[in-house]
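Structure first, commentary second.
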Amino acid sequence: MAELRNTINIEPEVVIPEPKPSSAKEPSAKKAKGKSRGKQAGGKVKSILEGSFLIREKMIGLLPFLVFLTGIGLLYIFNSNYANRTIITISKTKKQIEEQRFEYINTKSKLMQTTRQTEIAKRLQNSGLKESKTPPRKILIDQTN
């Protein structure tokens, strides 16, 4: 198998050694060290902001893994949003079921109240119909002719 190589030619960074301060100027040497650390940190930040750290060989080798991690992160975000939407839908459905249950119980109790014999008799009193005092009789018809 052919070995994969980076085809982008980048010149290596040239590091210039700092001159060592003399022992007489020791306080200024500490200041110089602090400044050089700031430049190095600034160089790292600049490298990150420019994206030039991504073209180093180590980072190029890690790109498939970084893409994999990004994909997993996106799946995690999608899954959590989907779960939240599902929870909201379930809660709305539970609320609707509870409202329908209350409406059913209320309607059923009204129906039970209005179909009582005494209630029907009160309603029909104004129309001239009266409740029968004699119990109903069953009429039997003989069908064997």
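Counting from 1, one number per residue, gives the positions in the sequence shown under our numbering. Don't be surprised by glycine CBs; every beta carbon is placed ideally from N, CA and C. The model shown is predicted, which means the values in this text are computed figures rather than measured ones.
In the three-state DSSP reduction, residue 129 falls in the coil class, being neither helix nor strand. Cβ neighbours of residue 66 within its own chain (closer than 7 Å, five residues either side excluded): none. Rounded to whole angstroms, the separation of the alpha carbons of residue 55 and residue 41 is 19 Å. Sequence-distant Cβ neighbours of residue 53 in its own chain, meaning closer than 7 Å and more than five residues away, are 47 and 59.
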